[in-house]
Structures are given as structure tokens and as C-alpha cells.
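For reference, the structure is listed below as C-alpha cells.
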Amino acid sequence: MHDDVVIRVIAKVMIPAVMLFALYVQFHGDYGPGGGFQAGVVFAAAFVLNAMIFGLNRGRHAWPARLNLLAICGGVLLYGLTGVASMLLGANYLDYDVLGATTQSGQHIGILLVEFGVGLTVASVMVALFFTFAGRLTHIRLMAKMQAHEEADQRKTKRKARSTKKRARK
Amino acid sequence: MSGFFVNAALISLLTLIAFLAIRLHRLFAVVMLSGAFSLVAATLFVVLDAVDVAFTEAAVGAGISTILALATLSLVPANEKPHDFAFVPAFLAFATAAMLAVAVADLPAFGDVNAPIHNHVAPDYLKGSAEDIAIPNVVTSVLASYRGFDTLGETVVVFTAAIAVLLVLGGWTRRKEDGEDDNA
Chain H
876 MHDDVVIRVI
886 AKVMIPAVML
896 FALYVQFHGD
906 YGPGGGFQAG
916 VVFAAAFVLN
926 AMIFGLNRGR
936 HAWPARLNLL
946 AICGGVLLYG
956 LTGVASMLLG
966 ANYLDYDVLG
976 ATTQSGQHIG
986 ILLVEFGVGL
996 TVASVMVALF
1006 FTFAGRLTHI
1016 RLMAKMQAHE
1026 EADQRKTKRK
1036 ARSTKKRARK
Chain F
243 MSGFFVNAAL
253 ISLLTLIAFL
263 AIRLHRLFAV
273 VMLSGAFSLV
283 AATLFVVLDA
293 VDVAFTEAAV
303 GAGISTILAL
313 ATLSLVPANE
323 KPHDFAFVPA
333 FLAFATAAML
343 AVAVADLPAF
353 GDVNAPIHNH
363 VAPDYLKGSA
373 EDIAIPNVVT
383 SVLASYRGFD
393 TLGETVVVFT
403 AAIAVLLVLG
413 GWTRRKEDGE
423 DDNA
């Protein structure tokens, strides 16, 4: 998209740092500010930056669409299934006490799992929204081009039909 | 006393940005101003000791929302269409603001220990978080454990919104001939 050396080099340095920071926010949320929502957004920001600097196509390669749908659903599923797991172990839905050896370690495991689910869903949703909005313009242009081609083809076939008719009359 | 000046400066900055955003007609400038508004709001949350909220506001409000608005800007004209002064929306906005201003007078003072919000379930959460859950960040223990159902609901809201956007704008069509992968 932008062929600017400074931006490209800085982005290459920044993107891994942003992703690492997102992971820190995700898994350090028990101890400091942060958690799944924030980490998901920061993680998505790395991919958005990648797509903004290196173009939408390369951005899509870094985060494939099919994987994205799986991640959107997988995060919510992970959250819900954590609740189901605690139910199967004999407690209430989303009561993490029974997930670990002690109630406290159970709480830790439960919080880690549901926060990871939240982060997964939020990150993939943000990337999907960005690609959808940003890809809209190319999509519209593509559709317009295809329509123009189709119309041109139709005109051509009509003209051909007319000329063959004329020739037949002759 | 210095806290008062910090708050006053931040709130007047917020008001200024909001006013500018209403007055300007260049949409790019309006988007940038909304990002700046979120950043100033995040600073205000830090002053109020709500770092988790500030973090979210900075990441979502100033970061991703601005990016999404910019992506949308590439699809719409650069300037807002000139239009007449809209009386009914203006009246509704002023009426709501006036009602809120009246309601603020009835709020308990900031940090008041006798405020209802501090006497309902919050003491149990604050005391119980150290023993039951044993993680230092009470916000996380409330969000993920005590209020796990709410957070599940929020996640499902995000999920549903994304599915709706993808269904409307995702480029899934009935045509079978185009094999391009354009669905996200």
C-alpha cells in the first residue's frame, strides 16, 4: 500500500512487539490491568497494522478467513465449554472451584480459560471487521468491473448476432 | 487541589473536542477528533484509578474504532453534506443533558463510603477475592469469576455483532462461479 521504507521497517519492528504485549496483557490480566478484551484488541491491532502497511492481500495471508471464523466461534465455545466442564464435575455452570485440585487453583484455571476464550473471539472479530470494511472498496470495484465486463460481453454478442443476421440476409 | 486542576483541564479538553467534532464538516478530522476524545477519556479514567477501563478505552475507543471509522471513510465522501439546523434532535439532546445535570446533583459524592454502590455486593467481592480466588487484580476476578455470566453474555454480544456484520458485508453471495476467497 505505502512504499515508505521508514514505515515498513518500523512496522516490522513494532508488530512482534505489539503481539508480545498482547500476550502479556492476556496472561498477566490476573496480576495487572488487562484481560481478554484488551488483549484481543491489541493482538488484532498488530494484524491491522500489518494489513495497513503491507497491503490487504498480504494481511489476509497472515490471518486466513477460514481460520478467522473458527477463532470467532472457538472463543465463545471455549468460554461456554468451561462452564459445561464445571457442570460435569458437579458444580454450577461457570463455577470454577472444581476445575483444579484446590478451589483457588480451580479459579485460576477457569479464569485463564475464559479470558483466553474472550481474547480469541475479540481478536478475530476485530480483524474480521477491519478486513470486511477495508475490503469493501476493492470488492465494490471488482463487482463494478465484472458488471462492466458482462455488459461489454452482452453488447458484443448482440452485435455479433446482428451482423450474422445481416450476413444471412445477404 | 492539583487533582481538581487536572480534572478541570481534562474535562474542558473533552468538551472542546466534542464541540469541534460537532462543528467540523471534514469527516477525516471528525474521526481523528473522536480518537483524541477517547484518549482524553482514557486519561480521565486513569485519574479516577480505573486503569482497566482506561486500557479498554484507549485500545478500543482510540485504537480500533478509529481504524474502523477510517476504513469506512474510504467508502464515503470526504465532507459532511451541508444541512439545516436540526431542531428536534438538538432539543432532545439538550433536554437529556439537562435531566442528567439535574440527576448529578443527587449522586453521592465521589469516593463516598456510604454510597449504595459500595455497600451492596462490592465489599463481599473485595474481601472474598483475596481468599476465594487469590488473584491480585480484583477487576479480573469480578469480571471472569463473580460475574462470569455477564462476561459470557458480552462475549456472545461481540460474537453476534461480528456474525451480523459478516453476513451483511462479508461478500457471501449465492453465485457459485466466483471461487475467490472473500468472506472475511
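Line order of the protein sequences matches chains H and F. Going by the numbering used here, the first residue of the first sequence is number 876, and it counts up by one from there. Going by the numbering used here, the first residue of the second sequence is number 243, and it counts up by one from there. C-beta atoms are modelled at their ideal positions from N, C-alpha and C, and glycine is treated no differently.
Residue range of the unbroken alpha helix (DSSP H) whose run includes residue i
i	result
F/Pro331	329-348
F/Asp294	293-298
H/Pro939	Note, H/Pro939: premise wrong, no alpha helix (DSSP H); not H, not E.
H/Lys887	880-902
F/Ser254	244-265
F/Ser371	Segment: none, F/Ser371 is in no alpha helix (DSSP H) and carries neither H nor E.
H/Asn925	911-929
F/Thr285	269-289
For residue i, the three-state DSSP class (helix, strand or coil)
i	result
F/Val318	coil
F/Arg389	coil
F/Val363	coil
F/Ile377	coil
H/Leu952	helix
F/Asp424	Unreliable placement is indicated for F/Asp424, whose pLDDT of 48 sits below 50; no coordinate value is reported for it.
F/Ala301	helix
H/Thr977	coil
H/Asn967	coil
F/Phe352	coil
F/Ala404	helix
F/Pro358	helix
H/His1024	helix
H/Lys1031	helix
H/Lys1040	helix
H/Gly907	coil
F/Gly412	coil
F/Asp326	coil
Presumed contact (8 Å Cβ cut-off) between residue i and residue j, rounded CB distance
i	j	result
F/Gly390	H/Leu969	4 Å
H/Leu924	H/Ala886	6 Å
F/Leu428	F/Leu269	What the structure shows of chain F is the stretch from 243 to 426, and residue 428 of chain F is not part of that stretch, so it cannot be assessed.
H/Leu995	H/Gly985	In fact, because the Cβ distance is near 16 Å, the residues do not count as touching under 8 Å.
F/Leu385	H/Gly965	Not really, about 25 Å apart at Cβ, beyond 8 Å.
H/Asp905	F/Ile377	4 Å
H/Phe912	H/Trp938	H/Phe912 to H/Trp938, Cβ: 19 Å. No contact.
H/Phe1005	F/Leu281	Wrong, their Cβ atoms sit about 20 Å apart, outside the cutoff.
H/Leu988	H/Thr957	5 Å
F/Phe279	F/Ile259	5 Å
H/Val951	H/Gly992	7 Å
F/Leu411	H/Arg1011	6 Å
H/Tyr1050	F/Leu394	A question about residue 1050 of chain H goes unanswered here, because the residues of chain H that appear run from 876 up to 1045.
H/Asp917	H/Val880	The sequence as given places Val at residue 917 of chain H; Asp does not occur at that position. Not really, about 26 Å apart at Cβ, beyond 8 Å.
H/Ala1003	F/Leu408	6 Å
H/Ile947	F/Ala301	H/Ile947 to F/Ala301, Cβ: 19 Å. No contact.
Assigned exposure category for residue i - 16 Cβ within 10 Å defines buried
i	result
F/Gly305	buried
F/Glu267	First, the residue type needs correcting, since residue 267 of chain F is His and not Glu in the sequence shown. The residue in question, F/His267, is exposed, as its Cβ has fewer than 16 Cβ neighbours within 10 Å.
H/Met927	buried
F/Asn321	exposed
H/Met1001	buried
F/Asp294	buried
H/Gln1022	exposed
F/Pro319	exposed
H/Gln901	buried
H/Arg1030	exposed
H/Pro908	buried
H/Ser1038	exposed
F/Ala426	Here F/Ala426 scores only 43 on pLDDT, less than 50, and its place in the model should not be relied on; the value that follows carries that caveat. Under this definition F/Ala426 is a buried residue.
H/Asn967	exposed
H/Glu1026	exposed
Neighbouring residues, chain A, relative to residue i (Cβ below 8 Å)
i	result
F/Asp294	Given the protein chain composition of this structure (H and F), no chain A is represented.
(request) Output, in sequence order along the chain, the residues in the segment 308-321 of chain F whose CB is closer than 7 Å to any CB in chain H. (result) So the list reads Ile309, Leu310, Ala313, Thr314, Ser316, Leu317, given in the order they occur along the chain.
(message) Any C-beta of chain H within less than 9 Å: which residues of the segment 366-388 of chain F qualify?
(response) Glu373, Asp374, Ile375, Ala376, Ile377, Pro378, Asn379, Val381, Thr382, Ser383, Leu385, Ala386, Ser387
(request) Select from the segment 981-992 of chain H all residues with a C-beta closer than 8 Å to any C-beta belonging to chain F, and list them in chain order. (result) Gln982, His983, Gly985, Ile986, Val989, Glu990, Gly992
(request) May I ask you to list, following chain order, the residues of the segment 945-962 of chain H that have a beta carbon less than 8 Å from some beta carbon of chain F? (result) So the list reads Ile947, Cys948, Gly950, Val951, Tyr954, Gly955, Gly958, given in the order they occur along the chain.
(request) May I ask you to list, following chain order, the residues of the segment 879-900 of chain H that have a beta carbon less than 9 Å from some beta carbon of chain F? (result) Val900
(message) Can you pull out the residues from the segment 297-308 of chain F whose beta carbon lies closer than 7 Å to at least one beta carbon of chain H?
(response) Listed in chain order, the positions of the segment 297-308 of chain F with a beta carbon within less than 7 Å of a beta carbon of chain H are Phe297, Thr298, Ala301, Val302, Gly305, Ile306.
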